[in-house]
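For the sequence shown, this note's numbering gives the first residue as 8, with consecutive numbering after it.
Glycine is no exception: its CB is placed at the ideal position from the N, C-alpha and C atoms.
All values derive from a computational prediction rather than experimental measurement.
One structure is given here, and the rest of the page talks about it.
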Amino acid sequence: MARVSTRLRLGAAALGVCALLFAAFPFVRPFFRLDVFSPTLAAVASGPLASTSWVAAHLLLVVAFALLPRGLLAIHAALADNPAEPQALRGWSSVWPGPHWSDLRSAWRLSRCP
Numbered sequence: 008m009a010r011v012s013t014r015l016r017l018g019a020a021a022l023g024v025c026a027l028l029f030a031a032f033p034f035v036r037p038f039f040r041l042d043v044f045s046p047t048l049a050a051v052a053s054g055p056l057a058s059t060s061w062v063a064a065h066l067l068l069v070v071a072f073a074l075l076p077r078g079l080l081a082i083h084a085a086l087a088d089n090p091a092e093p094q095a096l097r098g099w100s101s102v103w104p105g106p107h108w109s110d111l112r113s114a115w116r117l118s119r120c121p
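Right, here's the structure in full:
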């Protein structure tokens, strides 16, 4: 059995924690009736938007989005010597913060090289 590196274990843990944080978001976030054409929209939305649970829910998302690239990088590293590596590269390049279409096309071309 191959020895799994610590980096891969940490990446898998990051991906798992990321998934849990994304799943916890709707349970923590307060919901309210949103009628964008209502003249009292500010009064209706100000309470939930200023609540502690709204801030906590969105901080969960910040942490989840910070952990997502690390987890996907671990998947890419695990598949580096595998025929599925081009798909892992495309997945990694599609979620990297701020990709431009030219970067995605370059990653697509690189992954198709023999």
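{"Item": "4 or more residues per run - each alpha helix (DSSP H) lying fully within the segment 24-79", "Value": "48-56"}
{"Item": "Nearest neighbour of T13, chosen from L96, A91, A81 [CA to CA]", "Value": "A81"}
{"Item": "Stretch pair the segment 33-42 + the segment 50-70: three plus CB contacts closer than 8 Å", "Value": "yes"}
{"Item": "Between the CA atoms of L66 and L22 - distance to the nearest angstrom", "Value": "17 Å"}
{"Item": "Of the listed residues L17, C25, A20, A19, nearest to V69 (C-alpha basis)", "Value": "C25"}
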